[in-house]
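Working notes, beginning with the structure itself.
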Ligand SMILES: [Zn+2]
Ligand SMILES: [Zn+2]
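Numbering (the numbering used here), first residue to last: 428 to 505.
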């Protein structure tokens with residue numbers, strides 16, 4: 428999956444002076460495990476797009492919108 432957020436975490440860090448916490452969904456791993464029948468499978472974390480860090484979009488933290496220019500509607504920066 429390609430991250431299409433207009434801002435990267437690096438840009439937000441530079442511009443806003445804030446750092447991205449580890450993703451709460453995958454504990455910073457960027458991957459989550461789930462069970463599919465008898466198999467344990469692994470997939471990219473949805474919450475952080477596999478980056479392991481997830482910074483809430485500073486422009487739309489409370490209500491992500493599809494046309495947010497900062498995050499392109501993702502609600503987070505990755
Ligand atoms: Zn994650
Ligand atoms: Zn946004």
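Every residue, glycine too, gets a C-beta built ideally from N, C-alpha and C.
Would you list the one or two residues that DSSP bridges to residue i?
{"i": "residue 475", "result": "For residue 475, which the question treats as bridged, DSSP gives no partner whatsoever."}
{"i": "residue 443", "result": "Residue 443 pairs with nothing; no bridge assigned."}
Under 7 Å Cβ to Cβ from residue i, same chain only, skipping five residues before and after it: list those, please.
{"i": "residue 493", "result": "500"}
Helix, strand or coil, according to DSSP, for residue i in the structure here?
{"i": "residue 438", "result": "helix"}
{"i": "residue 454", "result": "coil"}
Find the nearest neighbour of residue i within the set the options, judged by alpha-carbon distance.
{"i": "residue 449", "options": "487, 474, 498, 488", "result": "474"}
{"i": "residue 451", "options": "482, 489, 439", "result": "482"}
Would you please state the rounded distance, in angstroms, between the beta carbons of residue i and residue j? I believe it to be under 8 Å.
{"i": "residue 491", "j": "residue 502", "result": "3 Å"}
{"i": "residue 467", "j": "residue 476", "result": "Between residue 476 and residue 467 the Cβ distance is about 22 Å, and since that is not below 8 Å, they are no contact."}
{"i": "residue 484", "j": "residue 453", "result": "Contact flag wrong, Cβ pair sits at about 19 Å."}
Near residue i, what residues of its chain come up, given a Cβ to Cβ distance below 6 Å and the 5 sequence neighbours on each side ignored?
{"i": "residue 486", "result": "495, 497"}
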